[in-house]
Amino acid sequence: IPIVTLGFKCRENNYLERIKGKIWIIALAILCSIDIFTNITIGILDKNLNPCFFYIVSFIGLLFVLSLSKDLRKCKLVGKLLSIIGASSFYIMAFHLIVFKLIDLFIGKIIIKNNKNIKAFPISHPDLWMVYTILSIAIIVWINWFAKNKIHLNRSKND
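First residue of the sequence shown? That's 3 in the working numbering, and the numbers climb one at a time after it.
Take a look at the structure:
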């Protein structure tokens, strides 16, 4: 809740316009340094992490996202892609774990031919986290687009 409140306050007070320069590069360097030079995993499920540290890193991540989004506004293609993803963000948050498990099933049955790890949460193959992320977003955005466009068009034709 504090992170969501902070995000709303940043938007409400137009902090994005106050960010000058390439703060996202500094924030990325800090986040990568924490990841590389410490043995700390930062996640909502990590019960051993000091909550203050979690909020500090979350704030740095918020600065990273706000600053990077300001620079990405200049690139029309990236902006359009992120706009499409953003329009499906509710569905991504609601269904990503289900899609992760479908990807697990695909990897286990077809690629690795070993499904013993499927019970691991949230993903069975952490080394493939980028594949899970990209595929789950792509699949959910496509399903959302298909449901809005194709199913809606078929309803309109039948009415």
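Note that the Cβ used here is the ideal one computed from N, Cα and C, for glycine as well. Quick caveat: nothing in here was measured; it's all calculated off a predicted structure.
Straight-line gap, residue i to residue j (C-alpha atoms, nearest Å)
{"i": "residue 105", "j": "residue 136", "result": "11 Å"}
{"i": "residue 13", "j": "residue 65", "result": "12 Å"}
{"i": "residue 9", "j": "residue 41", "result": "28 Å"}
{"i": "residue 152", "j": "residue 146", "result": "10 Å"}
{"i": "residue 92", "j": "residue 86", "result": "12 Å"}
{"i": "residue 88", "j": "residue 37", "result": "27 Å"}
{"i": "residue 16", "j": "residue 7", "result": "14 Å"}
{"i": "residue 75", "j": "residue 134", "result": "26 Å"}
{"i": "residue 95", "j": "residue 58", "result": "23 Å"}
{"i": "residue 67", "j": "residue 79", "result": "18 Å"}
{"i": "residue 26", "j": "residue 11", "result": "19 Å"}
{"i": "residue 31", "j": "residue 71", "result": "17 Å"}
{"i": "residue 39", "j": "residue 148", "result": "44 Å"}
Residue range of the unbroken alpha helix (DSSP H) whose run includes residue i
{"i": "residue 138", "result": "131-148"}
{"i": "residue 103", "result": "91-108"}
{"i": "residue 77", "result": "Unbroken run through residue 77: none, as it is neither H nor E."}
{"i": "residue 28", "result": "25-39"}
Sequence-distant residues of its chain with Cβ nearer than 8 Å to residue i (five each side left out)
{"i": "residue 101", "result": "137, 138, 141 and 142"}
{"i": "residue 124", "result": "99 and 102"}
{"i": "residue 24", "result": "69 and 73"}
Closest by C-alpha distance to residue i, when choosing among the options
{"i": "residue 29", "options": "84, 79, 62 and 55", "result": "62"}
{"i": "residue 144", "options": "57, 83 and 78", "result": "83"}
{"i": "residue 55", "options": "67, 78 and 33", "result": "33"}
{"i": "residue 150", "options": "90, 77, 39 and 27", "result": "90"}
Close beta carbons around residue i, own chain, < 7 Å, minus the five adjacent residues each side
{"i": "residue 81", "result": "74 and 75"}
Contact set for residue i: own chain, Cβ-Cβ below 6 Å, skip 5 residues either direction
{"i": "residue 1", "result": "Limits of the chain in this structure are 3 at one end and 161 at the other, which puts residue 1 out of reach."}
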